[in-house]
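Line order of the protein sequences matches chains A and B.
For the first sequence, position 331 matches number 343 in this note's numbering, and the numbering has no gaps at all.
For the second sequence, position 420 matches number 432 in this note's numbering, and the numbering has no gaps at all.
Don't be surprised by glycine CBs; every beta carbon is placed ideally from N, CA and C.
Notes for the one structure printed next.
Protein chains: 2
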Amino acid sequence: MTDKKFFLSKADENRPMLHYRDIIPDINEFVAQTGDSILLDLGEHAVGHFSFALDNAGDFIDAPVRLIIKFGEDMREIEDDFSLYKEGLSRTWLQEEILNIDYPQKTTMPRRYACRYIKITVEKTNKPIKLFDFCFCASTSADVSVLQPAKTKDALLNKIDIVATNTLKECMQTFFEDGPKRDRRLWTGDLRLEALTNYYTFKNLEITKRCLYLFAAGDCDKLGFLPSYIYETPYYFSGGAHIADYALLFVVSVCDYYEHTGDMDVVNVLLGICKAQLASFRAVLDENLIVTRQEGWFAFIDWCPGLEGLTALQGVYLYALERFSELLKAIGDEEYEKYLQHIADVRCACKKYLYDKNAKAFINKLDNGQLSVHSQVWMILGGVIGGEEAKKLLVSCLDNKNAKQPVTPYMRHYAAEAMFKLNMKNEAVQYLKTFWGGMLEHGADTFWEAYIPDDLDFSPYDDRMINSLCHAWSCTPSYFIRKYEL
Amino acid sequence: MTDKKFFLSKADENRPMLHYRDIIPDINEFVAQTGDSILLDLGEHAVGHFSFALDNAGDFIDAPVRLIIKFGEDMREIEDDFSLYKEGLSRTWLQEEILNIDYPQKTTMPRRYACRYIKITVEKTNKPIKLFDFCFCASTSADVSVLQPAKTKDALLNKIDIVATNTLKECMQTFFEDGPKRDRRLWTGDLRLEALTNYYTFKNLEITKRCLYLFAAGDCDKLGFLPSYIYETPYYFSGGAHIADYALLFVVSVCDYYEHTGDMDVVNVLLGICKAQLASFRAVLDENLIVTRQEGWFAFIDWCPGLEGLTALQGVYLYALERFSELLKAIGDEEYEKYLQHIADVRCACKKYLYDKNAKAFINKLDNGQLSVHSQVWMILGGVIGGEEAKKLLVSCLDNKNAKQPVTPYMRHYAAEAMFKLNMKNEAVQYLKTFWGGMLEHGADTFWEAYIPDDLDFSPYDDRMINSLCHAWSCTPSYFIRKYEL
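Here is the structure:
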């Protein structure tokens, strides 16, 4: 058996079961003519399939009935005019269908949607119709009976925890999806955060193993990096992008898995791939051990517009190296020492080549002199800087309007992680409350893909309409709240 | 059991089996990007369900693919811009769908279509896609293995026969549909002509019995007339229109059925309803035995714009009376004599009150002095006038540009029937060749709902786009060709 086949067979063994639940909206029945519309509220965010019945309301419908059915994760999405969408990502992600129905019948729509609200507009009917038996069959592989409430006594943190676990639940399908509305695929960056939160909430180890194996089966690029995303429906397909920080986070995800399970079987089969990822990254360092710029989409780091992310990427490398060396130590791998020495060398190089002593910050040529929170956070997480010096740097940079700031909950997670690493518990809690709590103030049922508190129209893709409002990488407040018993 | 339940149970017993056949277009596979389109030609008119497969052509599709799929009974329909449709009948009959497809999969479209051509336009895809495995699963309750070729040696009549039987085949589904594109329901006027042609072609008696029972189960209006149309999917529904000529043609259909089968079981249960229909019509005659104008849509006769159809309707009454009296005689019903006397009386009244001796034509106040072929044809079929006098009248009226002329193949059928009744076989053959042969010259695969040779844009419904190009009532050339061995 080839490695690929082996990993796919392991992924298949660990396919999680989906749990289904029918959600019945409050409105039971609606009699409508051409132009009428009805708004259904599921009362919660849900991922699944919508069905309804249509019947005559008096005379026979006479001609096919045309319905426009729109699904919105929030009310803004329902109210948006999709025809005005400024195409960046494909408009086909916008959840709207035109249905022609020939005669009275029950219709189960074939596609899966992510929504709280459903708007049905009767575009054309010759005779009044009755719409009824609305049902949304929601699915998730998260077993909600396993979930314990967070122990926090802070009401806001408790509310944040509920919405965060809900976000994770919605993204847990047959694998860890990034967002159930869009892109509905497995990204390494999302996987790492979902798996982390899952250890403290739904504790579904199958899905985590499955996702690790799905990446292990992927096709590496010419630099040797694993794919950054995977499709699995209707068949396995290894994604075309190979982002260096995501390849490194695969290694971190394996380390996380071992830390929470002690499961050597998985580590044994993935250890070689982890070493190869780190070796591939080592190969793009220059003689000073500093990462070199590569062609194409080499680093993600964050959707922050204009961000230069190479210093941050260097920090991700150190972060992965440190976690991996701990794993090697725990399992008694003799290469442990070699990794430790390399970590020390790279940290020295970062201090020497990437740190501006006058500015007392990581500002350098690598990022064209750009100051960013991202660089500081990842240098802290990479262990290049610590203690009071790091605290001061982080706080001042977060307050600096001239510094590039985190945009995604994904990058905010690592900012918070840096705070916890620096024992800045109060600041971290405040950070969670301000950012994730801010989404709650806007009525979020699940946490969003992107959120800038003073720019609700921000989108990484030119148009807010396409944003995903239930996005895996924003689920980690539950991890922090539960791990640190906030 | 109520009468309605009884008739519905009989209709159910006689539900015909559908025969399915997969039609595979010539094109096997098509690789497309946004904006590309493909035209599939089934090589024949077909009624059924379309399926196809979509796969990646290289990279994964990345985002849902939006396809616009259009079905056309002919190429004009494919080329029509449906957005320009001038709404009379509902635009939802226009056969076009917008499909969003999330990932590579086989799609079987849920609705039934009537078409020869299928155009697939890739409205939006991020990556090239492959479309393949095109299949149209056609259905009909006509058993083509039963059909014998017509015995005619005339090449054109033979071609007309083939297209006419094909038209009938397409309309034979679980009942006699008027048109498989539109309205897909059972109309009495169509039923009569379909049943008639069926006796000479597919000889499916079940479907005919089923349709007679479906009408027998219908709800009569306050005048006592049966409904003119019936829906049967997903449940039985008695149509809201009660047209007098169609109610009379129900009686004729029962007479036809007995004539071709000798089946007394059916006649016994339907005889009372037939008598009631004739009695209801008798009740709307004035003291001179002439039909009186009623509110609403009282007579159909033809889709000829501006037609006054009461004289024709009076002829339909006589036609039904005569056929029914023959049935009564054949089965030994003692009321036979009573009907004969009434026929004689009504014919006298027609001559006296509806015939213009100076004009030597049926032109009268009842129709506001309008001259129409329709009046002459139905007075001939009603036996009011015959022989050379009738021939002359019919020929001159058909040539008269000031006379209202038949528009539908339905009315053309009765014009031809009048010719055969008057032993004008040559003229009738010429009439079939000119009219139905004319549709052939325009490439018809099936005969149309409406056709005016010098006005290809004619529609009874304001816009030709909505016309049905496979319409049951145009199938009767096969009846004439086979019955009269042309």
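- Annotated three-state conformation of V158/A is coil, per DSSP.
- According to the DSSP assignment, H31/B belongs to the beta strand (DSSP E) that extends over H31 to I35.
- Taking C-alpha positions only, Q382/A is separated from Y367/A by approximately 12 Å.
- In the same chain as I285/A, and ignoring 5 residues on each side of it, the C-beta atoms closer than 6 Å to its own belong to A228, in chain order.
- Here the region 129-142 of chain A makes no contact with the region 256-273 of chain B; the two share fewer than three CB pairs at distances below 8 Å.
- Here the C-alpha atom of D475/B lies approximately 27 Å from the C-alpha atom of Y443/B.
- Two segments are said to touch when three or more pairs of C-beta atoms, one from each, lie closer than 8 Å; by this definition the region 73-81 of chain B touches the region 106-122 of chain B.
- Look at the region 100-145 of chain B and you find no whole run of alpha helix (DSSP H) that is 4 residues long or longer.
- Using a Cβ-Cβ cut-off of 9 Å, R123/A is close to P76, N112, I113 and D114 of chain B, given in chain order.
- Taking the Cα positions, W485/A is about 43 Å away from R124/B.
- In the pairwise beta carbon analysis, the region 179-187 of chain B is classified as touching the region 150-170 of chain B: at least three pairs are separated by under 8 Å.
- The continuous beta strand (DSSP E) containing R78/A extends over residues V77 to G84.
- Three or more beta-carbon pairs drawn from the region 169-177 of chain B and the region 439-453 of chain B are found closer than 8 Å, and the two stretches are therefore classed as touching.
- Residue contact with chain A for G191/B: absent (no Cβ-Cβ distance below 7 Å to any residue of chain A).
- Of all residues in the region 213-240 of chain A, none comes within less than 7 Å of chain B when Cβ atoms are compared.
- In terms of Cβ geometry, D145/A and F19/A do not form a close pair [threshold 7 Å].
- In the displayed model, S151/B falls within a strand according to three-state DSSP.
- Interface annotation, Y270/B: not in contact with chain A, CB-CB separation never under 7 Å.
- Residue burial is scored here from C-beta neighbours: K193/B has at least 16 other C-beta atoms within 10 angstroms and is therefore classed as buried.
- When the Cα atoms are used, D24/B and R222/B turn out to be separated by approximately 7 Å.
- Taking 9 Å as the cut-off between beta carbons, the residues of the region 131-151 of chain B near chain A are E135, K136, T137 and N138, in sequence order.
- Secondary structure remark: continuous alpha helix (DSSP H) runs of at least 4 residues inside the region 217-300 of chain B, in chain order: 217-228, 256-273 and 276-294.
- Residue nearest to L143/A within the set I39/A, S157/A, E109/A and D202/A is I39/A (criterion: CA-CA distance).
- Comparing alpha carbon positions, the residue from F336/A, G344/A, A440/A and C316/A closest to Q417/A is C316/A.
- The alpha carbon of Y426/B has as its nearest neighbour, out of L393/B, G399/B, V441/B and A462/B, the alpha carbon of L393/B.
- Residues of the region 456-478 of chain A with a C-beta less than 8 Å from any C-beta of chain B: none at all.
- Chain-order list of chain A residues neighbouring Q117/B: P246, by C-beta distance under 7 Å.
- In this structure, the beta-carbon distance from N26/A to E218/A falls below 7 Å.
- Among the residues of chain B, none has a CB under 8 Å from the CB of E89/A; the nearest is roughly 16 Å distant.
- In terms of beta-carbon proximity, D202/B stays away from the interface with chain A, with every pair separated by 7 Å or more.
- The C-beta separation of Y32/B from C149/B comes to about 6 Å, placing the pair in contact by the 8 Å criterion.
- Per DSSP, the beta-bridge partners of V59/B are A126/B.
- Separation of A361/B and L290/B (C-alpha to C-alpha, rounded to the nearest whole angstrom) is 17 Å.
- Chain order gives the chain A residues near G252/B as D71, where near means a beta carbon separation below 7 Å.
- Burial check for W309/A: the Cβ neighbour count within 10 Å stays below 16, so the residue is exposed.
- With a cutoff of 7 Å on beta-carbon distance, G251/A and Y241/A are scored as near each other.
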